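Okay, so here's the structure we're looking at.
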Amino acid sequence: MSNAHWIAADWGTTNLRLWAMRGADVVHHRASGQGMGGLSPAEFAPVLAHETAEWRAGDWAKAPVVACGMVGSRQGWTDAPYATAPTQAGTPLTRVAGENVWIAGGVKQLDPADVMRGEETQIAGLLAARPDFDGVVCLPGTHTKWVRVSAAEICSFQSFMTGEIFALLAEQSILRHTVQATEFDAEAFDGAVQDALAQPHRAFGRLFQLRAGALVGDLTPEVARSTLSGLLIGWELAAAKPYWLGQEVALVGSPALSALYARALVAQGVQVSEADAQAATLAGLHRAWKTIGEMA
8 MSNAHWIAAD WGTTNLRLWA MRGADVVHHR ASGQGMGGLS PAEFAPVLAH
58 ETAEWRAGDW AKAPVVACGM VGSRQGWTDA PYATAPTQAG TPLTRVAGEN
108 VWIAGGVKQL DPADVMRGEE TQIAGLLAAR PDFDGVVCLP GTHTKWVRVS
158 AAEICSFQSF MTGEIFALLA EQSILRHTVQ ATEFDAEAFD GAVQDALAQP
208 HRAFGRLFQL RAGALVGDLT PEVARSTLSG LLIGWELAAA KPYWLGQEVA
258 LVGSPALSAL YARALVAQGV QVSEADAQAA TLAGLHRAWK TIGEMA
């Protein structure tokens, strides 16, 4: 089975990423904008067939597909049930009726209510490389997850809408006129994180000051954007402190965003490690693929 052919899929709300796999090795890769959010249930099979047509003409003609992400939501291809935390990081797979397609279920938490889809696969991938990991996994993104992991189990977790709030403020609020920059100001970011952690209520008033500072002062877009980022991440760290205080934190996310979280956490004396998000996803899907023979 180590050299068998299969297809890995990370099918999110806005994007579809596919890998033609031989065992644990990537042979081909492609991506498209055919995300779950723009498809009806009847459209998933044709989209998958179209995107993998070149592979299906060769060694992957009958290869199983193992997918994670929002494709398994109620609005997706098929509803892959949530496992309930605490639970093993490798959640059960659900087979799509009539298809050789298997979807990883997400994880739900009942009290306080929370859910994840896709992140559980990345955690499983992290544990494949670090089976003895005991600590906290932080997965920065649109909805950042903080996850307590022990004995290969997802024990508890909390989601924060930091990425979505940043996008809303930076692209749709009055601040959109102030934070249009690509450069990063480390000093502004660090100061904003500290302010948000030390006095969250006072730091909240700094949001509109970013706009005012650009109008009546000399606040640059680079400083404004970095300050906004630092304030939001700082507020998140303040709320997530029970997760990271005294723990090792493993970051799994895009390099640029993970670097911001690492910078903010290291400043608080936290031991931080970073893992590549794509590698973690593939490792988690590979781990899931190896269980298909047991269920077929």
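Just so we're aligned, residue 8 is where the sequence shown starts under the working numbering, counting upward by one. Backbone N, C-alpha and C fix where the C-beta goes; we use that ideal spot for every residue, glycine too. Computed from a prediction, not measured in an experiment: that's the story for all the values here.
- CA-CA distance, G83 and M43? For the purposes of this step, residue 83 is identified with residue 76 of the sequence shown, where counting begins at 1. For the purposes of this step, residue 43 is identified with residue 36 of the sequence shown, where counting begins at 1. Taken atom to atom, the span from the alpha-carbon of G83 to that of M43 is near 6 Å.
- Query: Would DSSP call K248 helix, strand or coil?
  - Reply: Within the sequence shown, residue 248 is the residue found at index 241, counting from 1. DSSP, read as helix, strand or coil, puts K248 in helix.
- Item | Minimum C-alpha distance to A199 - residue among G170, G237, G19 | Mapped onto the sequence shown, residue 199 falls at position 192. That would be G237, whose Cα lies nearest to the Cα of A199.
- Can you give me the Cβ contacts of A303 inside the same chain, cut-off strictly under 8 Å, excluding the 5 residues immediately before and after it? Sequence index remark: in the sequence shown, residue 303 carries index 296 (1-based). For A303, the predicted model reports a pLDDT of 47, less than 50, meaning its position is unreliable; a value from the coordinates is still stated below. For A303, where only same-chain residues beyond five positions count, there are no Cβ hits under 8 Å.
- Between which two residues does the beta strand (DSSP E) containing R102 stretch? Stepping through the sequence shown from its first residue, residue 102 is reached at position 95. Here the beta strand (DSSP E) through R102 covers 100-102.
- Message: In the DSSP assignment, the beta strand (DSSP E) including A15 goes from what residue to what residue?
- Response: Translated into the one-based positions of the sequence shown, residue 15 becomes position 8. 12-18 is the span of the beta strand (DSSP E), which, as asked, contains A15.
- Item | Endpoints, beta strand (DSSP E) assigned at E2 | Since the first and last residues shown for the chain are 8 and 303, residue 2 lies out of range.
- K152: buried (16+ other C-beta within 10 angstroms of its C-beta) or exposed? Within the sequence shown, residue 152 is the residue found at index 145, counting from 1. Looking at its Cβ environment, which holds 16 or more other Cβ atoms inside 10 Å, K152 is buried.
- Message: Distance check for G97 and D141, CA to CA, integer angstroms please.
- Response: Taking the first residue of the sequence shown as 1, we reach residue 141 at position 134. Taking the first residue of the sequence shown as 1, we reach residue 97 at position 90. Here the C-alpha atom of D141 lies approximately 16 Å from the C-alpha atom of G97.
- Return the first residue and the last residue of the beta strand (DSSP E) that S280 is part of. Along the sequence shown, read from residue 1 onward, the residue named residue 280 stands at position 273. Element bounds for S280: 278-283.
- Message: I'd like the span of the alpha helix (DSSP H) that includes L217, first residue to last.
- Response: Position 210 of the sequence shown, counting from 1, holds the residue named residue 217. For L217, the enclosing alpha helix (DSSP H) begins and ends at 213-223.
- Could you check the C-alpha separation between A295 and A120 for me, to the nearest Å? By one-based count along the sequence shown, residue 295 stands at place 288. By one-based count along the sequence shown, residue 120 stands at place 113. Whole-angstrom Cα-Cα distance: 26 Å.
- Query: Between the beta-carbon of V72 and the beta-carbon of I14, is there less than 7 Å?
  - Reply: As a first step, residue 72 must be located in the sequence shown, where it is residue number 65. As a first step, residue 14 must be located in the sequence shown, where it is residue number 7. Yes. Within cutoff.
- Item | Other residues of its chain near V273: CB distance less than 8 Å, five sequence neighbours each side excluded | By 1-based counting over the sequence shown, the position of residue 273 is 266. The answer, listed in chain order, is V279.
- Is there at least one non-hydrogen atom of the ligand ATP closer than 6 Å to the beta-carbon of A210? Only the bare structure without any ligand can be found here, which leaves the ligand ATP out of the picture.
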